[in-house]
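K.L.:
What follows is a structure written as structure tokens; I'll ask about it next.
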Amino acid sequence: MAAAQAPQRAISRRDTFVVALGALVLAAWVALWLWERSPYGRYLNHAELGGLAHAATADAVLAQSALYVGGWLLMTIAMMLPTTLPLLDAFRRLTALRDDRHSLLALVIASYLGVWLAAGAAMHLFDFGLHEAFEHLAWLQANPWMFGAAPLLLAGAFQFSDLKHRCLERCRAPVGFVIQHWRGGSPALQSLAIGAHHGLFCVGCCWALMLLMFAVGTGSIGWMLALGAVMAIEKNLSWGRRLSAPLGVALLLWGGAIAVPQLLHPMP
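Residues -5 to 262 in my numbering are what the sequence shown spells out, letter by letter.
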């Protein structure tokens, strides 16, 4: 009887885990949707980042920075956390009999999100630098199409890079990844290491696609859904790897469609 109930308990735990993770992701999407439609929706848009340089006080800078960090964290939870479901489920099964399993899983998630927060900070600083350059360089002001074409061409080319494929392969093998990094020692430190290492490979795989958000607008819920779906398919479905090349071609063609006419017929 007990043996028959064990699989049922395992299924029940997995269902609870999936529902809890799904609720967290759904809450992030709802929060982003509400935020986008609120008076503070401009803080989800990277175009407002230049306002930090001209904020009147240090408190204003801190407040605006906190809003950008909060928006990026919600985006990461909504777009990237679903792509880690296989890894989180593998870790949950590995630690299912431990009393501290919930706190260890929370550490994995926290360190994973922490890596993406750091990546987001770097992307925002880079974008901020571009906006400052735009204000001071006449060439950029005369060629604003570069801000749309360059991220598309970069993301398209990156789809064919060795770094993309190596990181994608690591993301697509969650069980082996967890076992490789769970070697004894401090469970808390190992949990943090698993989340952080997986986050690094995830950033390595997806940074160029996430950078597209700065071209189309970081506050666009539609683009968040589309790019999040693409990254989840690439990382988790059996045929996901076959999506990389067609997606790269599409992005290159899109970027080329913007750049080529401008280069052939430059503005006077």
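Ideal Cβ positions, reconstructed from N, Cα and C, are used throughout, including at glycine.
For Pro268, does the three-state DSSP call read helix, strand or coil?
P.N.:
In the structure displayed, the chain extends from -5 to 262; residue 268 sits before or after that span and is not available.
K.L.:
Could you check what DSSP says for Asp93 in three-state terms: helix, strand or coil?
P.N.:
The answer is coil: DSSP assigns Asp93 none of H, G, I, E or B.
K.L.:
Are the stretch 234 to 251 and the stretch 75 to 90 touching, with three or more C-beta to C-beta distances below 8 Å?
P.N.:
Segments in contact, no.
K.L.:
Does the Cβ-Cβ distance between Met218 and Ala72 come in under 8 Å?
P.N.:
Yes; because the gap between Cβ atoms is below 8 Å, this pair is in contact.
K.L.:
Specify whether the stretch 99 to 118 and the stretch 180 to 195 touch according to this definition: at least 3 beta carbon pairs, one from each stretch, less than 8 Å apart.
P.N.:
Because the criterion of three Cβ pairs below 8 Å is met, the stretch 99 to 118 and the stretch 180 to 195 touch.
K.L.:
Counting only runs of 4+ residues fully inside the stretch 155 to 232, write out the alpha helix (DSSP H) ranges in chain order.
P.N.:
Fully enclosed alpha helix (DSSP H) runs of 4 or longer: 156 to 165, 168 to 175, 181 to 205, 207 to 210 and 215 to 230.
K.L.:
Under three-state DSSP, which class holds Met69?
P.N.:
Met69 falls in the helix class under three-state DSSP.
K.L.:
When we look at the beta-carbon of Gln153 and count the other beta-carbons within 10 Å, is it buried (16 or more) or exposed?
P.N.:
Burial call: buried.
K.L.:
Indicate the three-state DSSP secondary structure (helix, strand or coil) for Ile252 in the structure shown.
P.N.:
Reduced to three states, the DSSP call for Ile252 is helix.
K.L.:
Please report the Cβ distance between Trp139 and Ala253, rounded to the nearest whole angstrom; I am assuming they are in contact, meaning their Cβ atoms lie under 8 Å.
P.N.:
Between Ala253 and Trp139 the Cβ distance is about 7 Å, and since that is below 8 Å, they are a contact.
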